[in-house]
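Comments concern the structure below.
Numbering (UniProt numbering), first residue to last: 1 to 203.
Set out below in structure tokens:
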């Protein structure tokens, strides 16, 4: 298990499949939010506090993404109280309530990478161009660019390669597609890689 601090209110946690096996959690079971998964979640929170000082206090947004050969990536964001009722976020209000509730999570069948500027998006798109069939949608939100891919358009044997390329130029985003649709501006819909590489040559 590896913890990476993304900001004062956000951490990214990498859980290998060996971590799951050690805890007796099947790969499919991770999405069922049973007791063992709940215990794993709070184990993650303890690691996050011990390693980077991330403390659970109030509502959390939890998002999980699968990486076929490496494991699970979990992004946990500490939300301000005003967002506690936001339907676009998956929230966990209090550890004391865990006994009778599942650990909520936005289990995504897609992933979104965020880039600081358009140049990084262009570089990423040109690196992805060699892999046919990639579409992608590009959004502008909070002065940054978000590139969204549906997992269905990425062949399983290329998943880790695509992930690595995107991670080279950007960062995995905890922003949901619902948030992007509601508050962001969709710049390119479904053909971002092709459009960018055709109209924006590498400098």
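We put the CB at the ideal spot given by N, CA and C, even for glycine.
For residue i: DSSP bridge partner residues
i: residue 111; result: 149
i: residue 142; result: Answer by DSSP bridge pairing: none, since residue 142 is not bridged.
i: residue 194; result: According to DSSP, residue 194 bridges with nothing at all.
i: residue 78; result: 60
i: residue 71; result: 16 and 67
i: residue 36; result: Residue 36 is not bridged to any residue.
i: residue 7; result: 10
i: residue 172; result: 113
i: residue 164; result: BP columns for residue 164 are empty, so no partner.
i: residue 129; result: DSSP output for residue 129 lists no bridge partner at all.
i: residue 188; result: 138
Proximity test, Cβ basis, 7 Å: residue i and chain C
i: residue 66; result: Although the question refers to chain C, the structure presented lacks it and comprises just one protein chain.
Assigned exposure category for residue i - 16 Cβ within 10 Å defines buried
i: residue 164; result: exposed
i: residue 145; result: buried
i: residue 125; result: buried
6 Å Cβ shell around residue i - same chain, five flanking residues per side excluded
i: residue 74; result: 13 and 64
i: residue 191; result: 135
i: residue 152; result: none
i: residue 201; result: none
Span separating the alpha-carbon of residue i from that of residue j
i: residue 149; j: residue 38; result: 28 Å
i: residue 112; j: residue 169; result: 13 Å
i: residue 62; j: residue 2; result: 16 Å
i: residue 178; j: residue 140; result: 13 Å
i: residue 88; j: residue 180; result: For residue 88, the predicted structure reports a pLDDT of 40, less than 50, and the residue's modelled location is therefore unreliable. The matter cannot be settled from this model.
i: residue 185; j: residue 120; result: 18 Å
i: residue 8; j: residue 54; result: 8 Å
i: residue 79; j: residue 58; result: 7 Å
i: residue 21; j: residue 48; result: 20 Å
i: residue 67; j: residue 159; result: 7 Å
i: residue 117; j: residue 17; result: 34 Å
i: residue 27; j: residue 70; result: 12 Å
i: residue 43; j: residue 199; result: 47 Å
i: residue 203; j: residue 50; result: 44 Å
i: residue 183; j: residue 175; result: 11 Å
i: residue 5; j: residue 143; result: 21 Å
i: residue 187; j: residue 195; result: 11 Å
i: residue 34; j: residue 157; result: 29 Å
i: residue 166; j: residue 19; result: 25 Å
Same chain, Cβ closer than 8 Å to residue i, neighbours up to 5 away in sequence not counted
i: residue 36; result: 23, 24, 25 and 29
i: residue 162; result: 128, 131, 134, 149 and 154
Residue i beta carbon near the ligand NAD (any heavy atom closer than 6 Å)
i: residue 9; result: The model depicted lacks the ligand NAD and carries no ligand whatsoever.
CB of residue i within 7 Å of CB of residue j, strictly
i: residue 137; j: residue 171; result: no
i: residue 72; j: residue 15; result: yes
i: residue 52; j: residue 45; result: no
7 Å Cβ shell around residue i - same chain, five flanking residues per side excluded
i: residue 129; result: 193 and 197
i: residue 173; result: 112, 113, 114 and 146
i: residue 77; result: 9, 10, 60, 61 and 174
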